[in-house]
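This report concerns only the one structure given below.
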Amino acid sequence: MQPPSIPKWKWDNIFMDLVTSLPKTATGHDSMWVIVQRQTKSAHFMPTKITTPLPKLAEIYINMIVKLHGILSSIVSDRDPRFTS
34 MQPPSIPKWK WDNIFMDLVT SLPKTATGHD SMWVIVQRQT KSAHFMPTKI
84 TTPLPKLAEI YINMIVKLHG ILSSIVSDRD PRFTS
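Numbering (the working numbering) for the sequence shown: 34 to 118.
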């Protein structure tokens, strides 16, 4: 296994993880979707629910990440079954 290469553009490569089993908020969120830019370690934290389907997560991703940073070339995620094909 080799480490990912150093990106040329700061929001070119990201890591993402879904943190679950958090205390439920007043709005019903029980998870946090964390997206971290690999080079600068800047991050976005998006509240979500463990039951949020993949199409809704894709919508959140486009509205919160792609809208701000453009299309990314590399995404490293946890092994959540929703993110594997």
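Ideal Cβ placement from N, Cα and C applies to all residues, glycine included.
If you draw a straight line from the Cα of L101 to the Cα of A59, it is about 28 angstroms long.
Within the model, the alpha-carbon separation for M65 versus S54 is close to 9 angstroms.
In the DSSP assignment, A76 falls within the beta strand (DSSP E) that extends over A76 to T81.
Look at I47 here: in three-state DSSP terms it is strand. S75 and Y94 have their C-alpha atoms some 16 angstroms from each other. Of the residues assessed, T84 falls on the exposed side of the cut-off, its CB having fewer than 16 other CB atoms within 10 angstroms. Bounds of the alpha helix (DSSP H) holding I93 are L87 to Y94. The beta carbons of V67 and D50 sit about 5 angstroms from each other, so the pair counts as a contact at 8 angstroms.
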